[in-house]
Amino acid sequence: MAQTERLDAALASVQSAAIDGRMRNVRTRQKQLVSLFKSLTKHASSFIDALQKDNSLTKEEANIVVSAMLVEVRQHYDNIDFKKELAQEYNVRWGKSWTGRRVAVPLVYIISQDFTKGFNVFSALSAAIEAGSCCVVELSNLSDQITTIIRQVMEAGLDNEAFLTIPSRAPDSFLEQCLLVDQIHKSSGASIVGRSLISKTSGRIVAIVDRTTQVENAVKEIFASRMQYGGQSNYAVDQVFVNEFVAHEFLAALRKQFSIHAEALDQIVNDTHARDDRPEKQSLHSKFDTDHCEVIGSQGNARAVLVNSRSSQLLHEKIEGRLLVVHKITSLDDVIDLILSRDEMLNALFTFADGPEAKYLSQFIPSAVTFVNHIPAELLIGPTGPTGYPVRPDLRYVREMFEEPSPQIVPEGKIHAASNVWKLRNTSRSAAILAHASAPLRPIDQAAAGAWGFFETGVLLGAAVYILPVILGTIAGATYTGVWAYRRILS
Numbered sequence: 001m002a003q004t005e006r007l008d009a010a011l012a013s014v015q016s017a018a019i020d021g022r023m024r025n026v027r028t029r030q031k032q033l034v035s036l037f038k039s040l041t042k043h044a045s046s047f048i049d050a051l052q053k054d055n056s057l058t059k060e061e062a063n064i065v066v067s068a069m070l071v072e073v074r075q076h077y078d079n080i081d082f083k084k085e086l087a088q089e090y091n092v093r094w095g096k097s098w099t100g101r102r103v104a105v106p107l108v109y110i111i112s113q114d115f116t117k118g119f120n121v122f123s124a125l126s127a128a129i130e131a132g133s134c135c136v137v138e139l140s141n142l143s144d145q146i147t148t149i150i151r152q153v154m155e156a157g158l159d160n161e162a163f164l165t166i167p168s169r170a171p172d173s174f175l176e177q178c179l180l181v182d183q184i185h186k187s188s189g190a191s192i193v194g195r196s197l198i199s200k201t202s203g204r205i206v207a208i209v210d211r212t213t214q215v216e217n218a219v220k221e222i223f224a225s226r227m228q229y230g231g232q233s234n235y236a237v238d239q240v241f242v243n244e245f246v247a248h249e250f251l252a253a254l255r256k257q258f259s260i261h262a263e264a265l266d267q268i269v270n271d272t273h274a275r276d277d278r279p280e281k282q283s284l285h286s287k288f289d290t291d292h293c294e295v296i297g298s299q300g301n302a303r304a305v306l307v308n309s310r311s312s313q314l315l316h317e318k319i320e321g322r323l324l325v326v327h328k329i330t331s332l333d334d335v336i337d338l339i340l341s342r343d344e345m346l347n348a349l350f351t352f353a354d355g356p357e358a359k360y361l362s363q364f365i366p367s368a369v370t371f372v373n374h375i376p377a378e379l380l381i382g383p384t385g386p387t388g389y390p391v392r393p394d395l396r397y398v399r400e401m402f403e404e405p406s407p408q409i410v411p412e413g414k415i416h417a418a419s420n421v422w423k424l425r426n427t428s429r430s431a432a433i434l435a436h437a438s439a440p441l442r443p444i445d446q447a448a449a450g451a452w453g454f455f456e457t458g459v460l461l462g463a464a465v466y467i468l469p470v471i472l473g474t475i476a477g478a479t480y481t482g483v484w485a486y487r488r489i490l491s
């Protein structure tokens, strides 16, 4: 009971800070981000150690994750333009409209994913601070080191009345007042309470390798996405569909990658989560024989398989760990039909192809984002991008996600005041207004009916190139023959 009372009191404190507009002031937001950055840098080495223990990352991978976390906070701080925001605040005072005005959502509630949890929390938190929101972060897993460090960073670097960590789910009555940042998208009452920024964890990541691409570059990008960070990345490639004309070259290049990175793949990592011993992982690996799979390459706990049967679930499900699934396709339409047969939106599509082929694939395969001939390294860290917003490699969350439009408009130029329209009730001017509004739309900028189209122009051009020379040659030959015969007769 005492713990519940303390939680309620802490939530009430954050709620009061939100109502008071604690974070609206530009200088306050800047100072909070500066203080947060200092606290993060102070705990950077602790984060690196915790990532190696809790997420089974190598030291180099942990360094990159912590660096990405610091870069996110820095970028949100740099995005704040004090002079610009101050000038916009006084637009109405000087008789100017501010049609693009947006205001921060007062309260934000963050449910973090465990993988790279520090990055997940502070990428969302720093964007919310930039906007001017107060935040509550749910940290339910109290046994890992990262959770402890996150709490220490927030307590030391942020206003404890405006920013709070809690060990369990807040009441629905509180969640109804919040913008929910859901990075795990579990089916629960909290997921549907109020407005949400949802990271869809179940969406697949697909790579397509066309015959027009540089195969070796495609293999390097795909291999790196699946093998880095223990295969835990939300944007690691789940399935690779390779055109059969370059399949042999692709598989050879893939085996080469296993050979090149053999030492790294064999590196012993303290896997506290024992991912490779989980029942679902064992079940996944047991499908290799039953689904007509051929192991292409294997090193340590990493492997790549060629799936020959299209009935295999490996072609349609989210893959975990260092497992790369490859399947051959016959054409672009073949892979489009295969993906569309599942009637789903991909979290990301990586196309390795020339421009026309990449355009064709991205046009007909529904995905949250398409990347052509590369996989951004930034994507491999953190949660998937929130649905309903453009995916950005540089920032997972942006200020606009934590704001709502609230324009301020003053009389400028030609206006139609309500009182002026009211005056027209006993006049005939309304009929004139209707006549003016009923004027025809401007003509569509296209050729008139019966005009030569693309096909007809092509036929005409072909006739000019191929038939006209024959006709001219025939006429010239007939003329020459006629002149020659006429001269013979005269002689």
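Number 95 in full-length UniProt numbering belongs to position 95 of the sequence shown; there are no gaps in the numbering. Beta carbons are placed, not taken as given, at the ideal position from N, Cα and C, and that holds for glycine.
Given Arg102, which residues of its chain have a CB within under 6 Å of its CB, disregarding the five upstream and five downstream residues? Glu403, Pro405
Look up Thr370 in the DSSP assignment and say whether it is helix, strand or coil. strand
Enclosing beta strand (DSSP E) for Arg102 [first to last residue]: Per DSSP, Arg102 belongs to the beta strand (DSSP E) from 102 to 104.
Just mark Thr147 as buried or exposed, buried being the case when its beta carbon has 16 or more other beta carbons within 10 Å. buried
Would the beta-carbon of Leu379 fall within 9 Å of that of Ser233? yes
Report yes or no: do the segment 41 to 56 and the segment 147 to 162 share at least 3 C-beta pairs separated by less than 8 Å? yes
Figure out for me which residue from Val121, Ile222, Ser341, Ile208 has the closest Cα to the Cα of Val181. Val121
With DSSP as the reference, label Leu70 as helix, strand or coil. helix
So what does Lys328 bridge to, in DSSP terms? Val242
With a threshold of 16 other CB atoms inside 10 Å of the CB of Leu441, please say whether the residue is buried or exposed. Exposed, because fewer than 16 other Cβ atoms sit within 10 Å of the Cβ of Leu441.
In terms of residue numbering, what span does the beta strand (DSSP E) encompassing Tyr389 cover? Careful: Tyr389 lies outside any beta strand (DSSP E) and carries neither H nor E.
Secondary structure at His273, three-state DSSP: helix, strand or coil? Residue placement at His273 is flagged as unreliable, the pLDDT there being 41, under the threshold of 50; the coordinate-derived value follows with that caveat. Reduced to three states, the DSSP call for His273 is coil.
Would you call the segment 81 to 100 and the segment 405 to 415 in contact, with 3 or more CB pairs under 8 Å? yes
Could you name each continuous beta strand (DSSP E) segment of 3 residues or more that falls completely within the segment 79 to 154, going from the start of the chain to the end? 102 to 104, 107 to 111, 134 to 138
Judging by CA-CA distance, which residue of Arg22, Gly203, Gln3, Phe119 is the nearest neighbour of Glu72? Phe119
Does the distance from the CB of Arg211 to the CB of Asn243 come in under 9 Å? yes
6 Å Cβ shell around Lys117 - same chain, five flanking residues per side excluded: Ile146
Give the DSSP-derived three-state secondary structure of Val441 in the structure shown. It is Leu, not Val, that sits at residue 441 in the sequence shown. Three-state DSSP puts Leu441 in coil, outside helix and strand.
Can you confirm whether the segment 216 to 224 touches the segment 247 to 265 when touching is taken to mean that 3 or more C-beta pairs between the two stretches lie within less than 8 Å? yes
As a quick exercise: from Phe163, Leu7, Ala127, Val34, pick the residue whose alpha carbon is nearest that of Arg169. Leu7
Per DSSP, what kind of secondary structure is Thr474 in: helix, strand or coil? helix
Excluding the five sequence neighbours on either side, which residues of its own chain have a C-beta within less than 6 Å of the C-beta of Asn91, listed in chain order? Trp98
Can you say whether Phe258 is buried or exposed, counting buried as having 16 or more other CB atoms within 10 angstroms of its CB? buried
Counting C-beta neighbours from all protein chains within 10 Å, is the total for Ser188 16 or more, i.e. buried, or is it exposed? Confidence at Ser188 is low in this model, with a pLDDT of 47, below 50, so the placement of that residue should be treated as unreliable; the coordinate-derived value is given next. So Ser188 counts as exposed.
DSSP bridge partner residues for residue 497 (one or two, in chain order): No answer is possible for residue 497: the residues shown for the chain start at 1 and end at 491.
What three-state label does DSSP hand Pro279 in the structure shown? Bear in mind that a pLDDT of 45 at Pro279, under 50, signals an unreliable position, so the number given afterwards is only what the model happens to contain. Reduced to three states, the DSSP call for Pro279 is helix.
Measuring only the C-alpha atoms, how far is Ala418 from Arg425? 12 Å
Short check: CB of residue 494 to CB of Val240, under 9 Å? Summary: the structure shown does not reach residue 494, with the chain confined to residues 1 through 491, and so no result is reported for it.
Cα separation between Val470 and Thr481? 16 Å
So, for Lys59: in the same chain, excluding its five sequence neighbours on each side, which residues have a beta-carbon less than 8 Å away from its beta-carbon? Ile48, Gln52
Report yes if the C-beta distance between Ile375 and Ile222 is below 9 Å; otherwise report no. yes
When you compare only the Cα positions, how much space is there between Leu179 and Asp266? 43 Å
Reference Glu263; option with closest CA among Glu294, Glu249, Gln299: Gln299
To the nearest angstrom, how far is it from the Cα of Ser199 to the Cα of Asp114? 13 Å
Tell me the rounded alpha-carbon separation between Lys31 and Arg303. 48 Å
Please decide whether Ser309 counts as near chain C, where near means a Cβ-Cβ distance under 9 Å. Given the protein chain composition of this structure (a single chain), no chain C is represented.
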